[in-house]
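Q: Here it is: the structure, laid out below.
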Amino acid sequence: MKAETFEQKVKAIVSKIPKGKVLTYGEVALKAGSPGAARAVGTLMKGNYDPTVPCHRVVLSSGAIGDYNRGGSDEKIRKLRSEGVLGKTDTRITWA
DNA sequence: TAGTTGACCGGAA
DNA sequence: ATTCCGGCCAACT
Numbered sequence: 878m879k880a881e882t883f884e885q886k887v888k889a890i891v892s893k894i895p896k897g898k899v900l901t902y903g904e905v906a907l908k909a910g911s912p913g914a915a916r917a918v919g920t921l922m923k924g925n926y927d928p929t930v931p932c933h934r935v936v937l938s939s940g941a942i943g944d945y946n947r948g949g950s951d952e953k954i955r956k957l958r959s960e961g962v963l964g965k966t967d968t969r970i971t972w973a
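Going by the working numbering, the first residue of the first sequence is number 878, and it counts up by one from there.
So this is what it looks like as structure tokens:
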């Protein structure tokens, strides 16, 4: 076995996020095997973004968007609206 | 090895 | 409703 870093695990999980859906950092961390490591997830993202990892589909559990290494929250929101996750004027995630 | 940092989370004032 | 605080985890220096 090899000791994979969270970076590898998180990347695999985030890349598995279906289109039109978003996960929170806490959810990703939970699936990564470490519940509560939401900060660690963000830490890895900011230093390791990948074209195969739609990190723009990862948002804060509070409903906020969070930051983005590719154009700020504005670009991130814009992508989420393109996915249909956010409304045309919505800038926050809304769960049922 | 230990210390610091950070795209967070949740509760309290 | 907004703002402040502490806590959690992993990576970086």
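Quick reminder that beta carbons are idealized off the backbone N, C-alpha and C, glycines included. Note that this is a predicted model, so its numbers are computed, not measured.
Between which two residues does the alpha helix (DSSP H) holding residue 951 run?
A: Here the alpha helix (DSSP H) through residue 951 covers 949 to 960.
Q: So, using beta-carbon positions, are residue 897 and residue 961 closer together than 7 Å?
A: For residue 897 and residue 961, yes; Cβs fall inside 7 Å.
Q: Within this structure, are the beta carbons of residue 925 and residue 884 separated by less than 7 Å?
A: Yes, Cβ-Cβ distance for residue 925 and residue 884 is below 7 Å.
Q: In the stretch 905 to 941, which residue ranges form an unbroken alpha helix (DSSP H) of at least 4 residues, counting only runs that do not cross its ends?
A: Here the runs fully enclosed are 915 to 924.
Q: If we call anything under 7 Å between Cβ atoms a contact, is residue 959 one with residue 930?
A: For residue 959 and residue 930, no; Cβs fall outside 7 Å.
Q: Is it buried or exposed, residue 882, if we count other Cβ atoms within 10 angstroms and call 16 or more buried?
A: Exposed, by the Cβ-count rule.
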